[in-house]
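Comments concern the structure below.
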Amino acid sequence: MTSEMRQLRAALDGLRAGVLKKLAGLSEADARRSTVDSGTNLAGLLQHLTYVESLWFEEVVAGGTASGIRSMQVDPSVSLRTLRAGYKAACETSNRIVEAIGDLDAPVTRNRKTHDLRWVLVSVIQETARHAGHADIIREQIDGQTGR
């Protein structure tokens, strides 16, 4: 694995861990509680990010079909434990796909435009970072917890 690949993976893995940390110690109710007018909540962010991982790596990179639910509205029957497990599994699958390709210059096609694996990693880092920021704010509004 190249130095650049390690750096990109470390950045993404750090963001993923930060998102999961924002859910640590929360009740099911607090994880679903929204503190903003849009209705965004921590459980919904996690469900959405699980879909993001699948979309980019399983579908765009590997040519399969994305799984998961894009929406941030979580079915009440889905537990926080299930959401966490699903996100961790999606991230592990994403990492395996990236490792199997192993080349940041490998071509990737999205919307009939050719990019490379590097572009995908940066795109997922950007989206995960954006939602990790949302999670930071929501968690602080729920119980005052701040930091990574």
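Numbering (the numbering used here), first residue to last: -5 to 142. Here a beta-carbon is modelled for each residue, glycine too, at the ideal position from N, C-alpha and C.
Three-way DSSP call (helix, strand, coil) for residue i in this model
i	result
Arg104	strand
Asp31	coil
Ala23	helix
Leu9	helix
Leu49	helix
Alpha-carbon spacing of residue i relative to residue j, whole angstroms
i	j	result
Val13	Arg133	10 angstroms
Gly141	Glu52	31 angstroms
Met(-5)	Ile95	10 angstroms
Counted within 10 angstroms of its Cβ, other Cβ atoms place residue i as buried (16 or more) or exposed
i	result
Asn105	exposed
Met66	buried
Thr44	buried
Glu(-2)	exposed
Gly47	The sequence shown places Glu at residue 47, not Gly. So Glu47 counts as buried.
Cβ separation of residue i and residue j, assumed to be a contact under 8 angstroms, to the nearest whole Å
i	j	result
Val102	Val114	5 angstroms
Ala100	Asp110	6 angstroms
Ala37	Leu74	6 angstroms
message: As an exercise, report each continuous beta strand (DSSP E) stretch of at least 3 residues that is fully enclosed by the region 68 to 126, in chain order.
response: The region 68 to 126 is shown to contain whole beta strand (DSSP E) runs of 3 or more residues at 101 to 104 and 107 to 110, in chain order.
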